[in-house]
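What the sequence shown shows, in numbering that gives the first Met the number 0, is residues 0 to 300, in sequence order.
Cβ coordinates follow ideal geometry from the N, Cα and C atoms, glycine included.
Notes follow the structure.
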Amino acid sequence: MAQGGGWFSTHVKTSHPCDVVIANGSECEPLLANDKVLMEEEASLIVEGLKWAVKATGNKRGGVIALKGKGSKAELALLEAVKNEQEIEIFNLGDYYPVGDEFILVQGVTGRVVPERDIPLSIGAVVLNVETLRNVTQAVQGKPVIERTLTSQGKVRRPSVLRMGTPFWEVFEQCWGVTVSDYMTLVGGPMMGSVVSDPLTPVTKATTGLFVLPKDHTFVRKKTLPLPFIIKQSKASCCQCTYCTEFCPCYLLEHDLAPHKIMRQINLRLDVPPQVVESAFLCSGCGLCEIFVCPMELSPE
Ligand code: SF4
Ligand code: SF4
């Protein structure tokens, strides 16, 4: 039933006691509009689903709906929906990337840091996407999950937010067609998304957004580079400026991840402790170091 990008099962997440359930309405990826539209249009169903999740986990603090955009239509709709609810609060997050990442979100709402290689439950938090909570309410009402909200953007004639479970080409038809002849689809979002070429690929419950880009777009080029080429590029031009580490959200949460050290090991084959390379598993894949930070346009992630 889960509709977040991670696909974790809702019944597993809510089967343990916790201190707080956080409804994630902060849409991690830029340009996605799913959560915003849902909160504007179906706020009461989201609040109802959150109450079910709070009940299932028997928690102390109740539920928190975390979103960006103070004073937005979404916030006003939610405030109206919670006006008689004692156990639900609205939490305004700063508008920065990657505030919707589960670890960053939990730190923002609770002030506590989820330890490395662990999950929010380890510090008493459960995070559920707002669409998942809408689905919880619908499930209680007897409606199965057969559709999802999807943002379709980029080189389509009418960027739209659609609900469906169909092949990509049909999504684009509903957006009045694609405006370039040679295109690729970025699935997910510009930061963490992956490139798909087959228009017959179906929308799944984890498909949050489709971005139609010309085949020669920078993002398409960067995300389809073969690994041996990336390594050669890195050996030739990583200047060890350390920016990739200084801006890394995991490093800023004081997790033991330093991408510039991993680059150093890959490039120079130094005999660094194995933990340095293993720390790559702590990477959330947010893409900041690659898309925004590295002055050499390398891929430290
Ligand atoms: S930001 Fe780029 S150039 Fe600087 S250390 Fe990281 S990978 Fe190397
Ligand atoms: S993608 Fe880069 S910035 Fe993001 S968590 Fe991984 S190493 Fe850090």
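(request) Specify which residues have a beta carbon nearer than 5 Å to any heavy atom of ligand 2, listing them in chain order. (result) C247, C249, P258, C282, S283, C285, L287, C288 and E300
(message) According to DSSP, is N23 part of a helix, a strand, or is it coil?
(response) strand
(message) Is there a C-beta anywhere in chain C that falls below 8 Å from the one on K142?
(response) Among the chains of the structure shown, chain C does not appear; only one protein chain is present.
(message) By the three-class DSSP mapping on this structure, what secondary structure does S196 have?
(response) coil
(message) Out of K82, P299 and D255, which one is the CA nearest neighbour of Q239?
(response) P299
(message) Considering Cα atoms alone, identify which of G153, E245 and K214 is closest to C174.
(response) G153
(message) Measuring CB atoms only, is the segment 129-147 touching the segment 14-26, in the sense that at least three cross pairs come out at less than 8 Å?
(response) yes
(message) Counting beta carbon pairs with one atom in the segment 227-238 and one in the segment 287-298, are three or more of them shorter than 8 Å?
(response) yes
(message) Taking the alpha-carbon of R157 as reference, which of T148, E172 and F167 has the nearest alpha-carbon?
(response) E172
(message) For the segment 271-281 against the segment 245-262, do three or more pairs of beta-carbon atoms, one drawn from each stretch, fall closer than 8 Å, so that the two count as touching?
(response) yes
(message) As a quick exercise: from L49, P97 and L104, pick the residue whose alpha carbon is nearest that of L77.
(response) L49
(request) Sort out for me which residues DSSP pairs Q152 with in a bridge. (result) F210
(message) According to DSSP, is T184 part of a helix, a strand, or is it coil?
(response) strand
(message) If you measure between the beta carbons of T56 and P29, is that distance less than 8 Å?
(response) no
(request) Since I believe V113 is in contact with V105 (beta carbons under 8 Å), could you give me their beta-carbon distance rounded to a whole number of angstroms? (result) 5 Å
(request) Indicate whether the contact test is met: 3 or more Cβ pairs, each with one atom in the segment 240-251 and one in the segment 205-222, closer than 8 Å. (result) no
(request) Go ahead and pull the three-state DSSP assignment for E253. (result) coil
(message) Going by DSSP in three states, N58 sits in which element: helix, strand or coil?
(response) coil
(message) Using only CA atoms, which one of G188, L226 and K204 lies nearest to V211?
(response) G188
(message) To the nearest angstrom, how far is the alpha carbon of T109 from that of T148?
(response) 28 Å
(request) Quick one: residues in its chain with C-beta nearer than 6 Å to the C-beta of D34, no 5 flanking neighbours on either side, listed in chain order? (result) G24, E26 and V129
(request) Along the alpha helix (DSSP H) that carries E245, what are the first and last residues, could you check? (result) Y242 to E245
(message) Does the beta-carbon of L297, which I'm using as the reference point, lie nearer than 7 Å to any heavy atom of ligand 1?
(response) yes
(message) Contact defined as beta carbons within less than 8 Å: I believe V63 pairs with F102. What is the distance between those atoms, to the nearest angstrom?
(response) V63 to F102, Cβ: 16 Å. No contact.
(message) For a minimum of 3 consecutive residues, which ranges assigned as the beta strand (DSSP E) are wholly contained in the segment 74-130?
(response) 87-92 and 124-128
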